[in-house]
Amino acid sequence: MNNVHFLDLGATYHELKSEIDAAVARVLESGWYLLGAELEAFEAEYAAYTGAHYCIGVGNGLEALHLTLRAMDIGPGDEVLVPSNTYIATWLAVSQTGATPVPVEPDEYTYNIDPQRLEEAITPRTRAILPVHLYGQPANMAPILACAKMHGLKVLADGAQAHGARYHGAAIGGLGDATAWSFYPGKNLGAFGDAGAVTTDDQVLAERIRILRNYGSRVKYVNEVQGYNSRLDEMQAAVLRVKLRHMDTWNARRVHVAATYKAALAECALLLPVVPPEITPVWHLYVVRHPQRETLQRDLQTRGIQTLIHYPIPPHRQTAYADLGWPAGSFPVAESMADSVLSLPIGPHLSAAQQGQVIEAIVELCKT
Ligand SMILES: *Cc1c(COP(=O)(O)O)cnc(C)c1O
Numbered sequence: 002m003n004n005v006h007f008l009d010l011g012a013t014y015h016e017l018k019s020e021i022d023a024a025v026a027r028v029l030e031s032g033w034y035l036l037g038a039e040l041e042a043f044e045a046e047y048a049a050y051t052g053a054h055y056c057i058g059v060g061n062g063l064e065a066l067h068l069t070l071r072a073m074d075i076g077p078g079d080e081v082l083v084p085s086n087t088y089i090a091t092w093l094a095v096s097q098t099g100a101t102p103v104p105v106e107p108d109e110y111t112y113n114i115d116p117q118r119l120e121e122a123i124t125p126r127t128r129a130i131l132p133v134h135l136y137g138q139p140a141n142m143a144p145i146l147a148c149a150k151m152h153g154l155k156v157l158a159d160g161a162q163a164h165g166a167r168y169h170g171a172a173i174g175g176l177g178d179a180t181a182w183s184f185y186p187g188k189n190l191g192a193f194g195d196a197g198a199v200t201t202d203d204q205v206l207a208e209r210i211r212i213l214r215n216y217g218s219r220v221k222y223v224n225e226v227q228g229y230n231s232r233l234d235e236m237q238a239a240v241l242r243v244k245l246r247h248m249d250t251w252n253a254r255r256v257h258v259a260a261t262y263k264a265a266l267a268e269c270a271l272l273l274p275v276v277p278p279e280i281t282p283v284w285h286l287y288v289v290r291h292p293q294r295e296t297l298q299r300d301l302q303t304r305g306i307q308t309l310i311h312y313p314i315p316p317h318r319q320t321a322y323a324d325l326g327w328p329a330g331s332f333p334v335a336e337s338m339a340d341s342v343l344s345l346p347i348g349p350h351l352s353a354a355q356q357g358q359v360i361e362a363i364v365e366l367c368k369t
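Written out as C-alpha cells, the structure reads:
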C-alpha cells in the first residue's frame, strides 16, 4: 500500500515539464523580469478566462485583496463584512487598511457567507462586503449584490479558491466591484512561488490598483500616492500562462474526483458537500464533516492517507484578533465547522487507485 498525499504538487510540473521549461527559459533569455510582456499577456488571458474586462497581476492573494480595498478608499473607521469561516488572509486584508473586519456566519450547507445575515451586521460604518468563494464554490452572489446595492456598499469577492468556477453558468471574475485571486502553489491555478491578481470591470478601480502595486507610480520616479511593491513577476506570469491553458482539463479531473467521492461515500456517517443548482464548483477542496474528526484523521493517517483541516481555528478565535474581543461561542456555525471539517485528498493528479484507497478506508471507518 502506498501513501496517499493530500496534493501532489510535483506532478503538476512533471505533466507540463516541457512547456514550463520553455516558458521559464524564454523569460530568463529575455533579460526582462518585472512588468513586461509575459505579465501583460497573462493579464489579458486571465481577464478573458474569468469574464472580466481588466486583470491586474500582483504579488499574492493577500495583496490582491488589500490593494483593492485601498483602491476603494477603505480605511480607518470603516467596517467590512467578512465570513466568520475563512482563511485569515481575508480578514488581514481588511485590518491592513485600518478598517475593521465584521464577521458574518456562513450558510450551514454551502459554507459560504449567508446573505440573510448581512443586514443585521450592517452599521453606518459599513463600506463593503467581502464574500469568499470557499472550497471552490462561488458564494450566493445575487442576494449579496442586491444587499450591497440597497445599502451603497462595495463588493469585493475573494476568489482564491475558485479559479474557473461558475455562477448561473457564467464566469465569476466580473461579479461585484472586483474579485481577488491567489496563485499560491496549492491553488487550482498555482504558480511556482507567490502570485496573485485582481479582476474587475471597473476601469478606474483597475487603474488605481495598477498604480498602487508599483510604488504608487504610473510614470517611473513620479509617485502619485504612497503605494506598495506588489508585482507578479515575469517568470510566474509565463508559468501561469502555460497552466491556464490546462485549467479546464485539471478542474474537470477535480470534478470527477468529487463525483466519485459523492457516489462512494453516500452511505457513510459523514456530512458531504452540498452544491446548489446555480453553482458550478471547481473543488479546490473536498471538505466533509465528522463529529470525531480527530480520530478519523488519525485512523486515516495510520492507513497512509493524508488529510488536512481547513481551518482549525476561525479568525475571531485567533490570538492575532484577540483585540476584537470576540469570545468563544460568538460565531457558533464557524466554530462548529472548525471542530468538525476534514479535507480529503483531491487534485488533478490523484489517481483512481489512490482515491480507491481513500474511499475503502473511509467506508470501513465510517460505517453507519
Ligand atoms: C490562499 C488564500 C488567500 C491568500 O492568498 P496568498 O496568495 O497566499 O496570499 C486568501 N484568501 C483565501 C480564501 C485563500 O484560500
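With this note's numbering as the guide, the letters of the sequence shown map in order to residues 2 to 369. The C-beta atom is built at its ideal place from N, Cα and C for all residues, glycine as well.
| Under the three-state reduction of DSSP, which class applies to tryptophan 251: helix, strand or coil? | Within the sequence shown, the letter at position 250 stands for residue 251. Three-state result, tryptophan 251: helix.
| said: Taking 8 Å as the cut-off, is the C-beta of aspartate 159 nearer than that to any heavy atom in ligand 1? | reply: Locating residue 159 in the sequence shown gives position 158, counting from the first residue. Aspartate 159 has its CB nearer than 8 Å to a heavy atom of ligand 1.
| message | In the DSSP output, which residue or residues are listed as bridge partners for aspartate 159? | response | One-based indexing of the sequence shown puts residue 159 at position 158. Val133, Ala181, per the DSSP bridge assignment.
| Proximal residues to valine 226 (C-beta, below 8 Å), its chain only, five neighbours per side dropped | As a position in the sequence shown, residue 226 is number 225, starting the count at 1. Closer than 8 Å at Cβ, skipping near neighbours: Ile212, Leu213, Gly217.
| message | Mapping the DSSP letters down to three states, classify cysteine 269 as helix, strand or coil. | response | Along the sequence shown, read from residue 1 onward, the residue named residue 269 stands at position 268. Three-state result, cysteine 269: coil.
| Does any heavy atom of ligand 1 sit closer than 8 Å to the C-beta of alanine 90? | Taking the first residue of the sequence shown as 1, we reach residue 90 at position 89. Alanine 90: yes, Cβ under 8 Å from ligand 1.
| Uninterrupted alpha helix (DSSP H) stretches inside the stretch 275 to 331 (no shorter than 4 residues) | If only uninterrupted alpha helix (DSSP H) runs of at least 4 residues are considered, those enclosed by the stretch 275 to 331 are 294 to 303.
| task | Might you give, ordered along the chain, the residues of its own chain that have their beta carbon closer than 8 Å to the beta carbon of methionine 248, omitting 5 neighbours on each side? | result | The count along the sequence shown starts at 1 and reaches residue 248 at position 247. The residues Tyr50, His164, Gly165, Asn189, Leu190, in chain order, have a CB closer than 8 Å to that of methionine 248 in the same chain once the five nearest residues on each side in sequence are set aside.
| Do you know how far the Cα of tryptophan 182 is from the Cα of leucine 131? | Here residue 131 refers to the residue found at position 130 when the sequence shown is read from its first residue. Here residue 182 refers to the residue found at position 181 when the sequence shown is read from its first residue. Computed Cα separation, rounded: 13 Å.
| query | From glycine 52 to cysteine 269, what distance separates their C-alpha atoms? | reply | Here residue 52 refers to the residue found at position 51 of the sequence shown. Here residue 269 refers to the residue found at position 268 of the sequence shown. Cα to Cα, the separation comes out at about 39 Å.
| query | Would you say the beta carbon of alanine 196 comes nearer than 8 Å to a heavy atom of ligand 3? | reply | Ligands present in the displayed structure are limited to ligand 1, and ligand 3 is not among them.
| message | Just to confirm, is the Cβ distance from glutamate 279 to tyrosine 168 under 9 Å? | response | To locate residue 279, count along the sequence shown from 1; it is residue 278. To locate residue 168, count along the sequence shown from 1; it is residue 167. In this structure, glutamate 279 lies near tyrosine 168, with their beta-carbon atoms less than 9 Å apart.
| Same chain, Cβ closer than 7 Å to arginine 254, neighbours up to 5 away in sequence not counted | Along the sequence shown, one-based indexing puts residue 254 at 253. Taken in chain order, the residues that qualify are Pro349.
| task | With DSSP collapsed to three states, give me the class of isoleucine 347. | result | Start at 1 with the first residue of the sequence shown, and residue 347 comes out as number 346. Coil at isoleucine 347, not helix or strand.
| query | Using the C-alpha atoms, what's the distance from histidine 152 back to arginine 126? | reply | Start at 1 with the first residue of the sequence shown, and residue 126 comes out as number 125. Start at 1 with the first residue of the sequence shown, and residue 152 comes out as number 151. Those two C-alpha atoms are separated by around 11 Å.
| query | Exposed or buried, which one is tyrosine 110 when buried takes at least 16 other CB atoms within 10 Å? | reply | Position 109 of the sequence shown, counting from 1, holds the residue named residue 110. By the C-beta density criterion, tyrosine 110 is exposed, having fewer than 16 other C-beta atoms within 10 angstroms.
| request: From the DSSP output, read off the bridge partner residues of leucine 82. | output: Taking the sequence shown and counting its residues from 1, the one referred to as residue 82 is at position 81. In the DSSP output, where bridge partners are listed per residue, leucine 82 has Val103, Ile130.
| request: Could you tell me how far apart the beta carbons of isoleucine 360 and valine 5 are, in whole angstroms, since I believe they sit closer than 8 Å? | output: For the purposes of this step, residue 360 is taken as residue 359 along the sequence shown, with counting starting at 1. For the purposes of this step, residue 5 is taken as residue 4 along the sequence shown, with counting starting at 1. So it is not a contact: roughly 11 Å between Cβ atoms.
| query | Are the CB atoms of leucine 272 and histidine 291 nearer to each other than 9 Å? | reply | Here residue 272 refers to the residue found at position 271 of the sequence shown. Here residue 291 refers to the residue found at position 290 of the sequence shown. It is a contact, given that the beta carbons lie within the stated cut-off.
| task | Using the DSSP secondary-structure output, state which residues sit across from glycine 197 in a beta bridge. | result | The residue labelled residue 197 in the question sits at position 196 within the sequence shown. Val59, Ser183, per the DSSP bridge assignment.
| field | Rounded C-alpha distance that separates glycine 175 from threonine 200 | value | As a working note, residue 175 is residue 174 in the sequence shown. As a working note, residue 200 is residue 199 in the sequence shown. Going from the Cα of glycine 175 to the Cα of threonine 200 covers about 7 Å.
| field | Endpoints, the beta strand (DSSP E) within which serine 218 is located | value | Here residue 218 refers to the residue found at position 217 of the sequence shown. In the DSSP assignment, serine 218 falls within the unbroken beta strand (DSSP E) covering 218 to 220.
| task | Take the Cβ of aspartate 22 as the centre, count every other Cβ of all protein chains shown within 10 Å, and call the residue buried at 16 or more, exposed below. | result | Translated into the one-based positions of the sequence shown, residue 22 becomes position 21. With a threshold of 16 other beta carbon atoms within 10 Å, aspartate 22 falls short and is exposed.
| query | Any heavy atom of ligand 1 closer than 8 Å to the CB of serine 85? | reply | Within the sequence shown, the letter at position 84 stands for residue 85. Look at serine 85: its beta carbon is at least 8 Å from all of the heavy atoms in ligand 1.
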